[in-house]
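According to the working numbering, the stretch in the sequence shown is residues 12 to 287, in order. For each residue, glycine too, the CB sits at the ideal point set by N, CA and C.
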Amino acid sequence: MTTSLSLEFFPPKTPEGADKLRAVRQKLYALAPEYCSVTFGAGGSTQEGTLDTVREIVGEGYAGVPHLSCIGQTKDTIRQRLASYRDAGVKRIVALRGDLPSGYGLGGEFRYASDLVTFIREETGEHFHLAVAAYPEVHPQAKSPQADLDAFIAKVQAGANTGITQYFFNADAYFRFVEDLRRRGVETPVVPGIMPITNSSQLLRFSDACGAEVPRWVRSRLQSFGDDAAAIKDFGADVVTALCRRLLDGGAPSLHFYTLNQSVATLEVLRRLGIA
Ligand code: FAD
């Protein structure tokens, strides 16, 4: 089976973290990823780290893809970032609204990710391939599932090329989202975002924050393993492998892995899928 894959990292905060991430990337390059994306902190702490990490990835011979969020930003700062990304050899961007940490006022010249997509197209034409976020289980701030679908379609109409989803464990939510798009005449590829399971308390905390549903049976099994890390990893790899298999069998165009800067869990899922 040939499956196209992409990998997501976050910018390391320390020199030790950067060394560790370099080693992780070398292991994951064995998967021949189509590209490696690097998140961007809307609050400011990791913004330069995104560019530094992307430059390293490009220097290692892979496509480095920065995430870029617009909330709280001015057109001028976005313009400068686009110029540095272009200079760094970047051809693809994940364009987002982002979330400001509490305590930040809204400010800025952008309201929604669709405004950012419009601006990037106005400023740089078709230079960048633009991916945008998609929410099969509905973004937590959306007025309704229909309004959220409209918001995704607005990003496509503004010029986005692909969607990457928030992670989910319910394949039906993904299939339904794609079906709803197709019924509206939107043929944009939507790549499932996959979160490998390595640590149950972290997963449950993340999921509550971003609105991803961890099914009750998965949640209660994970909790029942207590501190048994091996049992959590084995069960987690089973659940995520079955999800990926269903998504690929159902026509998902590729898979985007939220690696959390670790290689083992992603490699294990792909080994079980017969890809690694
Ligand atoms: P939008 O598409 O603008 O949507 C935000 C909300 O506004 C939604 O509820 C939508 O329904 C609503 N909305 C949109 N347009 C309208 C409109 N015209 N009228 C009314 N309502 C509207 N965050 C980071 O900070 N850094 C990252 O690197 C990062 N990477 C991510 C990568 C992926 C693949 C995904 C799925 C998410 C990522 N996020 C990241 C999280 C993301 O920033 C948050 O989920 C954020 O809350 C929404 O960003 P968005 O781009 O989806 O926003």
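Spatial distance of residue i from residue j (CA atoms)
i           : j           : result
residue 286 : residue 46  : 16 Å
residue 162 : residue 182 : 21 Å
residue 137 : residue 73  : 21 Å
residue 169 : residue 200 : 15 Å
residue 243 : residue 272 : 18 Å
residue 189 : residue 64  : 32 Å
residue 148 : residue 126 : 23 Å
residue 254 : residue 175 : 16 Å
Check: residue i C-beta below 8 Å from any heavy atom of the ligand FAD
i           : result
residue 110 : yes
residue 207 : no
residue 125 : yes
residue 146 : yes
residue 177 : yes
residue 50  : yes
residue 78  : yes
residue 38  : no
residue 268 : no
residue 159 : yes
residue 288 : Given that the chain is displayed from residue 12 to residue 287, the structure contains no residue 288 and the question cannot be resolved.
residue 19  : yes
DSSP-derived helix/strand/coil call for residue i
i           : result
residue 201 : strand
residue 134 : helix
residue 18  : strand
residue 145 : strand
residue 76  : strand
residue 266 : strand
residue 69  : helix
residue 39  : helix
residue 255 : helix
residue 96  : helix
residue 52  : coil
residue 108 : coil
residue 239 : coil
residue 271 : coil
Beta-bridge pairing of residue i - partner residues as DSSP gives them
i           : result
residue 140 : 103
Where the beta strand (DSSP E) through residue i begins and ends
i           : result
residue 49  : 46-49
residue 173 : 173-176
Residue range of the alpha helix (DSSP H) that includes residue i
i           : result
residue 286 : Segment: none, residue 286 is in no alpha helix (DSSP H) and carries neither H nor E.
residue 212 : 211-221
residue 190 : 182-194
residue 166 : 156-169
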